[in-house]
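Visitor:
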Amino acid sequence: MFDRIANLSTRHAKATLLLTTLLTVIAFGVGTQLFGKLQTGGYSDPNSDSWKATSIIHDTFKEREPQVVLIVDAMNQNINTVDGLSLEKSVANVLGVERTLSYWSANKNPAYLSKDGHAAYVFIYISSKNPSDIEKVSAQIQAKFDGVQGSVRIYATGFGIFAHSANEVTKKDLAKSESLAIPITFILLFIVFGSLIASATPLLIAGIAIGGAFFAMWLVSLLTDVSIFGLNLITGLGTGLGIDYSLLIVNRFREELHAGASVDDAVSRTVHSAGRTVFFSGLTVAVTLGSLVIFPQYFLKTFGYAAITVVISAIVGALIPLPALLKILGHKVDKYVIRKSGITPKADGRWSAVARFVMARPKRVLVATLIIITVLIWPITSVKFSQVDERTLPKSDKAFISAQVQKERFNGNFSMPIEIVAPSSADLSEQLSKLASLPNIVMVTQPKVVGEYQKAQAISSIPARTPDGEAQIEKVRSQAWPTGTLIGGVAADYTDAQNGIKTHLPIVAVWVILAVLILLFLFTGSILLPIKAIILNAISLSAMIGILTWVFIDGNLSWLVGDFTNTGTIDTSMLVLIAVTTFGLSMDYELFLLSRIKEEHDAGRNTVDSVAIGLQKSARIITAAAMLLAVVFATFLISGVTMIKMLGFGVAFAILIDATIVRALLVPALMRLFGERNWWAPKSLKRLNILNH
2 MFDRIANLST RHAKATLLLT TLLTVIAFGV GTQLFGKLQT GGYSDPNSDS
52 WKATSIIHDT FKEREPQVVL IVDAMNQNIN TVDGLSLEKS VANVLGVERT
102 LSYWSANKNP AYLSKDGHAA YVFIYISSKN PSDIEKVSAQ IQAKFDGVQG
152 SVRIYATGFG IFAHSANEVT KKDLAKSESL AIPITFILLF IVFGSLIASA
202 TPLLIAGIAI GGAFFAMWLV SLLTDVSIFG LNLITGLGTG LGIDYSLLIV
252 NRFREELHAG ASVDDAVSRT VHSAGRTVFF SGLTVAVTLG SLVIFPQYFL
302 KTFGYAAITV VISAIVGALI PLPALLKILG HKVDKYVIRK SGITPKADGR
352 WSAVARFVMA RPKRVLVATL IIITVLIWPI TSVKFSQVDE RTLPKSDKAF
402 ISAQVQKERF NGNFSMPIEI VAPSSADLSE QLSKLASLPN IVMVTQPKVV
452 GEYQKAQAIS SIPARTPDGE AQIEKVRSQA WPTGTLIGGV AADYTDAQNG
502 IKTHLPIVAV WVILAVLILL FLFTGSILLP IKAIILNAIS LSAMIGILTW
552 VFIDGNLSWL VGDFTNTGTI DTSMLVLIAV TTFGLSMDYE LFLLSRIKEE
602 HDAGRNTVDS VAIGLQKSAR IITAAAMLLA VVFATFLISG VTMIKMLGFG
652 VAFAILIDAT IVRALLVPAL MRLFGERNWW APKSLKRLNI LNH
């Protein structure tokens, strides 16, 4: 297969490059339609009790939670002096609003008053169920009413407002991070590649990867819901893989040219060696990140779909148009040199010296390194998990401000009740009485019967998407409810989403471990090396979680990550995403390193020399790629959305730790300790080693 690809690139280079460029432009043009289909939700488990309860409430009771909530603040005046009915009528006239309910239209229901009596609720129900339509109508309401209106101050909150704000902030932050990352990355590429022409090659692969992923995700969006946060992974991972694969391919091409090969032979050998590594590296990343589709929430599924599409596109870019470009460039790939050492590969140098230093004293280096990593892991003991809410937004955002006003001034969140749905024949009187006596339950309504079901509500003063909210739902569900009773609402939805992740996480872990073990065995022909890779990656992930806890829970390094609201928790879904992403990228670097070490070992060198020379030839690429990828993800720190900050910091930190401490210290130390046992496998399995065929 790789020989055919190389032949295609050398015989039809211009046509290949022209065709892939044209297809990429078309993919970008069509793929941008994806932006209009992106959503901000996706945290719910569609197989849960809360989801079933919500479906019954929607279908049988024809009720939904209000998508927008207005808080009308009379600013220390008597709320009854406000012409609330006139305001409510004005809100009801907004196109897309189905109905409204307020303190005034509900006969001045005291439950809809603030604790100080100076503010009151207006609940707004939007006719469309389409998330995009809900966001548009919510944005219109916020723009028209949020602010000072005569003698009152109005605050707009609710899911529709949060979704719109998160969407807008994410889009703006993405543009800002790209405007910062692109020039910095290009300068660093110029330095790393050592020449102007070569430094432009990652842009080719990144463009193909991102364009292909946009097009593929647009197709996915026609079939299922897609989260807006997938954009960050597509751009970050697409750029990162473009850097990784171009560094590997271009450096190997240069190495072959400098060894005296012709351009055609250099392309052929590069595709056969580095191209093979790219293929299996990309396959490993795709299999690892693709495991996210196992989770029931479409927020996580989106990242799985995005990862698979962007990785496949990057592999195609690295194996087809990039070799064609190198064939066209030939020796001009080194044109406009600024740093000669960047274009002349060496078999001996600083990295070789580091490897030999480590392998001369492997036990001491191993112990010292593990002590450092243990310190990094230690904060994990205080980690707590939750899910995203309005506190992920910047503190200056109107949606954030409005949500805080609601929490501070109202006794319970009437827009996010605990829903109790039961068969109409069931007697709920005893259970509802016990429910009303629970701490932090503000009010319990009497059941409403429609057809085969009855529904009651409990208003809680505890924020829904928090560990306390989860604990409260578990306590509510622990009561002896009649058969067929379902507990729903936002807090129950959050609880079920957390449980959904916990339930599916072991399946994902087994899938990833087995897939990586098989792929690495096929690549290396070793039993021990894949196991070692899994263990080292687990250590890296633990260190990453420890540092995330230290920063985003303990509140350190605020000067670096910027201002954010510390909730005392880490978003569960985002942590899963970061962990799977960094695991996949770590395997990327593992394959880069092992491929060169194995080449040297297969050439007849002993383990020490193989590791030293292999590290020398690959470590510069790995560290440069890691540094550049860290820069790409680190630009996410300028985002005002906390979860995007977390994504940027977590991935950047993890890949730097992996490319330095793990690859430069732990790998040489362990390979020295295991010696020739690194390459052992039963003879019956050795023939499956793909590098030998």
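Per the numbering used here, residue 2 is the first one in the sequence shown, and the count goes up by one each step. Glycine included, C-beta positions come from ideal geometry on N, C-alpha and C.
Quick check: the Cα distance between Phe29 and Ala287, rounded to an integer number of angstroms?
Guide: 21 Å
Visitor: I'd like the list of long-range same chain contacts for Trp219, defined as Cβ closer than 7 Å, with 5 residues on each side in sequence excluded.
Guide: Val31, Gly32, Gln34 and Leu35
Visitor: Mind listing, in chain order, the continuous alpha helix (DSSP H) runs of no fewer than 4 residues lying wholly within the segment 503-571?
Guide: 529-553 and 559-562
Visitor: Could you please give the first and the last residue of the uninterrupted alpha helix (DSSP H) stretch that includes Arg597?
Guide: First-last of the alpha helix (DSSP H) with Arg597: Thr573 to Asp603.
Visitor: Quick one: what's Phe386 bridged to in DSSP?
Guide: Ile571
Visitor: Are Pro464 and Asp390 close, meaning C-beta to C-beta below 9 Å?
Guide: yes
Visitor: Quick check on DSSP: helix, strand or coil for Phe124?
Guide: strand
Visitor: Measuring straight from C-alpha to C-alpha, what distance separates Glu409 and Val73?
Guide: 14 Å
Visitor: Counting beta carbon pairs with one atom in the segment 593-612 and one in the segment 497-516, are three or more of them shorter than 8 Å?
Guide: no
Visitor: DSSP three-state call for Thr101: helix, strand or coil?
Guide: strand
Visitor: Starting from Ala423, follow the beta strand (DSSP E) in both directions and report where the run begins and ends.
Guide: Ile419 to Pro424
Visitor: Whole angstroms are fine: how far does the CA of Arg270 sit from the CA of Thr11?
Guide: Between the alpha carbons of Thr11 and Arg270 lies a gap of roughly 12 Å.
Visitor: Near Ala516, what residues of its chain come up, given a Cβ to Cβ distance below 6 Å and the 5 sequence neighbours on each side ignored?
Guide: Val288
Visitor: Assuming Asp245 is part of the alpha helix (DSSP H), what are its boundary residues?
Guide: Gly231 to His259
Visitor: Under 8 Å: do the segment 230-237 and the segment 191-200 share three or more Cβ pairs, one atom per stretch?
Guide: no
Visitor: Please say whether Ile658 and Val384 have beta carbons closer to each other than 9 Å?
Guide: Not a contact, by the Cβ cut-off of 9 Å.
Visitor: Name, in chain order, the residues that DSSP records as bridge partners for Thr158.
Guide: Val70
Visitor: Which residues bound the alpha helix (DSSP H) around Ser353?
Guide: Arg351 to Ala361
Visitor: State the start and end residues of the unbroken alpha helix (DSSP H) segment that holds Val288.
Guide: Arg277 to Gly291
Visitor: Run through the DSSP bridge pairs and tell me what Ile488 is partnered with.
Guide: For Ile488, DSSP records a beta bridge to Ile421.
Visitor: When the Cα atoms are used, what is the spatial distance from Ala319 to Phe300?
Guide: 29 Å
Visitor: Between Gly470, Lys476 and Pro395, which lies nearest to Gln432 when the distance is taken from Cα to Cα?
Guide: Lys476
Visitor: For the beta strand (DSSP E) that contains Ile460, what are its first and last residues?
Guide: Tyr454 to Ser461
Visitor: When you compare only the Cα positions, how much space is there between Asn497 and Thr568?
Guide: The sequence shown places Asp at residue 497, not Asn. Taking the Cα positions, Asp497 is about 20 Å away from Thr568.
Visitor: What are the boundary residues of the beta strand (DSSP E) that Lys449 is part of?
Guide: Lys449 to Val451
Visitor: Looking at the structure shown, is Ile442 part of a helix, part of a strand, or coil, going by DSSP?
Guide: The three-state reading of DSSP puts Ile442 in strand, counting E and B together.
Visitor: Would you list the residues sitting across from Ser196 in a DSSP beta bridge?
Guide: Val338
Visitor: Using a 10 Å radius around the Cβ and a threshold of 16 neighbouring Cβ atoms, would you call Asp174 buried or exposed?
Guide: buried
Visitor: With a threshold of 8 Å on Cβ separation, who are the neighbours of Val359 within its own chain once the five nearest residues in sequence on each side are excluded?
Guide: Val366, Ala665, Leu666, Pro669, Ala670 and Arg673
Visitor: Name the residue from Asn168, Tyr590, Leu377 and Gln473 whose alpha carbon lies nearest to the alpha carbon of Thr393.
Guide: Asn168
Visitor: Compute the Euclidean distance between the alpha carbons of Arg255 and Lys336, then round it to the nearest angstrom.
Guide: A straight-line Cα-Cα distance of about 12 Å links Arg255 and Lys336.
Visitor: Whole angstroms is fine: what's the gap from Ala580's alpha carbon to Leu542's?
Guide: 6 Å
Visitor: Going by DSSP, what residue range makes up the alpha helix (DSSP H) through Gln78?
Guide: Segment: none, Gln78 is in no alpha helix (DSSP H) and carries neither H nor E.
Visitor: State the Cα-Cα distance for the pair Ile80 and Phe411, rounded to the nearest angstrom.
Guide: 14 Å
Visitor: Going by the CB atoms, is the gap between Thr583 and Ile656 shorter than 9 Å?
Guide: For the pair Ile656 and Thr583, the CB atoms are nearer than the 9 Å cut-off.
Visitor: Taking all protein chains shown into account, decide if Asp50 is buried (16 or more other Cβ within 10 angstroms of its Cβ) or exposed.
Guide: It counts as buried.
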